[in-house]
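S.K.: Before I ask anything, here is the structure I am working with.
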Amino acid sequence: MPIVSVIIPTYNRKKLLIETLTSVFEQEYKDFEIIVVDDGSTDNTKEALHAIIKNNLIKYIYQDNAGSSSARNAGIKNAKGKYLTFLDSDDLYSPTKLRKQVVYLDKNLNISIIHCDYSKFDNSGIDLGYRNTSFFEGWIYPSILKQWSMLMGVSCVMVRSNIFEKVGFFDESLEAAEDLDMWARIAYHYEFRRIPENLVKIRAHSSSMSANKEGLEKTFRIYLEKAFERDPELTRRYKNRILSTMYTYSGLNLLGEGNQTLMKAVRNNSKKAIKFWPFELKAYL
C-alpha cells in the first residue's frame, strides 16, 4: 500500500499534464501512487498517457465531464494512501514537496492538514513571485471566511485520508470557491499547519475568470451561506462583516476591467459592502 496518493484532475491539458507528472516522478520521496482523473477530455489525453498507463506508473480514471470537484472526489474514493495530496494538472511540485510534508505528518500525529507556500509563473516560464500563506496556520476558523486576497493553493495541501470522513467531499454543486469551502470545513474541525517554503509552482493562465465575476459572486454567497448554516454563533457575531468583506473584494477585483457594465457592478458591490459593515474602509475606494 502506498503512503501517499497524489490526485491529479485534468481536462484537455495533455501537454501540460506531462510536465506536471514529471514533477511527481522526480520526487525525492518515492512511496506514492498517482491517480489521474480525466474529467471528459476531448484532446486525446488518454492516448498521450498511453506509455505511462501501460507501464502502471499511474492509475487512470476516465469520467464524463463533471467539474474539478467531481474529479477530485473520484480520486479520493479510489485512493489507497494514508496521506492524500492534490495537484492541478498544470502545476508543478518541487522535488522535496512530498518528503517534507510526509515527515511533518509522521512526526505530528495530532495534525491532519499541512500545506506550504508557493510561487506563480506564466506560460512562458516567467516567475510571477512568491506567495506567503502564513495566514493559513493554526486555528483559523472563522477568520478564514473573511479572507479573499490570501488564498491557499489546492496543490499545496497534504491531508490524512480519514479527514474526509469528518468533513465530507468537495462540494460538486459549487461552480467556484470549492477549495475555499473545503478549507473552511476543515478549519472548523482541525488546526492548519504550514511549511514556510516554496514547494509548489502554480501556473497563472492569461485567460481570466473576469468574464464571469458576477457569477462568482453568487457562488461565493452560496459558500458563505453554507458556513452560516453550519455555525449559528458565527452568523450572530460575524455575518454582516463577512458579507461586507466579500462585496468589497468582489468590487475591487472588478476594477480595471474596462467596461461600463462591470464598473456599475463595482459601485453596487461597494454600496452592499458599506450596508453590511460601514467600517470596511476599502469599500469606500
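Take 0 as the starting number for the sequence shown in numbering that gives the first Met the number 0 and just add one per residue. Don't be surprised by glycine CBs; every beta carbon is placed ideally from N, CA and C.
If we count Cβ pairs, one from each stretch, closer than 8 Å, do we get three or more for the region 184 to 192 versus the region 119 to 127?
M.R.: In short, these stretches do not touch, since the Cβ pair count stays below three.
S.K.: Are the region 34 to 41 and the region 101 to 111 touching, with three or more C-beta to C-beta distances below 8 Å?
M.R.: No, the region 34 to 41 is not in contact with the region 101 to 111.
S.K.: Taking DSSP as the reference, what is the three-state secondary structure of Pro195?
M.R.: Within the sequence shown, residue 195 is the residue found at index 196, counting from 1. Strand, per DSSP.
S.K.: Which value, in whole angstroms, describes the spacing of the CA atoms of Ile7 and Asp116?
M.R.: As a position in the sequence shown, residue 7 is number 8, starting the count at 1. As a position in the sequence shown, residue 116 is number 117, starting the count at 1. Between Ile7 and Asp116, the C-alpha separation is close to 19 Å.
S.K.: Excluding the 5 residues flanking Leu16 on each side, which residues of the same chain have their C-beta closer than 6 Å to its C-beta?
M.R.: Numbered from 1 along the sequence shown, position 17 holds the residue referred to as residue 16. Hits under 6 Å: Thr9 and Ser88.
S.K.: Excluding sequence positions up to five away, which residues of its chain have a Cβ less than 7 Å from the Cβ of Ala152?
M.R.: The residue labelled residue 152 in the question sits at position 153 within the sequence shown. Before going on, a small fix: residue 152 reads as Gly here, not Ala. These residues qualify, in order along the chain: Tyr117, Val199 and Ile201.
S.K.: So, with DSSP's three-state summary, where would you put Pro8?
M.R.: Taking the first residue of the sequence shown as 1, we reach residue 8 at position 9. Pro8 falls in the strand class under three-state DSSP.
S.K.: How big is the Cα-Cα spacing for Ser142 and Leu86?
M.R.: Position 143 of the sequence shown holds residue 142. Position 87 of the sequence shown holds residue 86. So the alpha carbons of these two residues sit roughly 26 Å apart.
S.K.: For my contact list, Gln26 and Tyr92 are in at a C-beta cut-off of 8 Å; report their separation, rounded to the angstrom.
M.R.: Position 27 of the sequence shown, counted from the start, is the residue given in the question as residue 26. Position 93 of the sequence shown, counted from the start, is the residue given in the question as residue 92. That belief holds up - the Cβ atoms of Gln26 and Tyr92 are roughly 7 Å apart, short of 8 Å.
S.K.: Between Ser68 and Glu177, is the Cβ-Cβ spacing less than 7 Å?
M.R.: On the sequence shown, position 69 is the one that residue 68 refers to. On the sequence shown, position 178 is the one that residue 177 refers to. A contact, by the Cβ cut-off of 7 Å.
S.K.: Keeping to the same chain, check which residues put their C-beta closer than 6 Å to that of Leu284; ignore five residues upstream and five downstream.
M.R.: The residue given as residue 284 occupies position 285 in the sequence shown. With a pLDDT of 41 at Leu284, under the threshold of 50, the modelled position of that residue is not reliable, and the figure given next carries that caveat. Result list for Leu284: empty, nothing under 6 Å.
S.K.: Less than 7 Å between the beta carbons of Ile34 and Lys13, yes or no?
M.R.: For this step, residue 34 is matched to residue 35 along the sequence shown. For this step, residue 13 is matched to residue 14 along the sequence shown. No.
S.K.: Between Phe31 and Val3, what straight-line distance do the alpha-carbon atoms span, to the nearest angstrom?
M.R.: The sequence position of residue 31 within the sequence shown is 32, counting from 1. The sequence position of residue 3 within the sequence shown is 4, counting from 1. Each residue's alpha carbon lies about 5 Å from the other.
S.K.: Mapping DSSP to helix, strand and coil, what is Ser160?
M.R.: For the purposes of this step, residue 160 is taken as the residue at position 161 of the sequence shown. Coil.
S.K.: By DSSP's criteria, Glu32 is part of a beta bridge. Which residues make up the other side?
M.R.: Reading the sequence shown from its first residue, position 33 is the one you call residue 32. Its beta-bridge partners are Ser4.
S.K.: Return helix, strand or coil for Thr21, following the three-state DSSP convention.
M.R.: Taking the first residue of the sequence shown as 1, we reach residue 21 at position 22. It is helical.
S.K.: Could you work out which residue in Lys145, Arg159, Ala65 and Trp182 is closest to Gln100 when comparing CA atoms only?
M.R.: For the purposes of this step, residue 100 is identified with residue 101 of the sequence shown, where counting begins at 1. Per the Cα distances, Arg159.
S.K.: Let me confirm a value: Leu127 is counted as buried when at least 16 other C-beta atoms fall within 10 Å, else exposed. Which label applies?
M.R.: Sequence index remark: in the sequence shown, residue 127 carries index 128 (1-based). It is exposed - the Cβ of Leu127 has fewer than 16 other Cβ atoms within 10 Å.
S.K.: Given a threshold of 16 other Cβ atoms within 10 Å of its Cβ, counted over all protein chains shown, does Gly80 qualify as buried or as exposed?
M.R.: Working through the sequence shown from its first residue, we reach residue 80 at position 81. Counting Cβ neighbours within 10 Å, Gly80 comes out buried, since at least 16 surround it.
S.K.: Go ahead and pull the three-state DSSP assignment for Phe227.
M.R.: Along the sequence shown, one-based indexing puts residue 227 at 228. DSSP places Phe227 in helix when its eight states are reduced to three.
S.K.: In whole angstroms, what is the alpha-carbon distance linking Leu173 and Gly74?
M.R.: By 1-based counting over the sequence shown, the position of residue 173 is 174. By 1-based counting over the sequence shown, the position of residue 74 is 75. Each residue's alpha carbon lies about 18 Å from the other.
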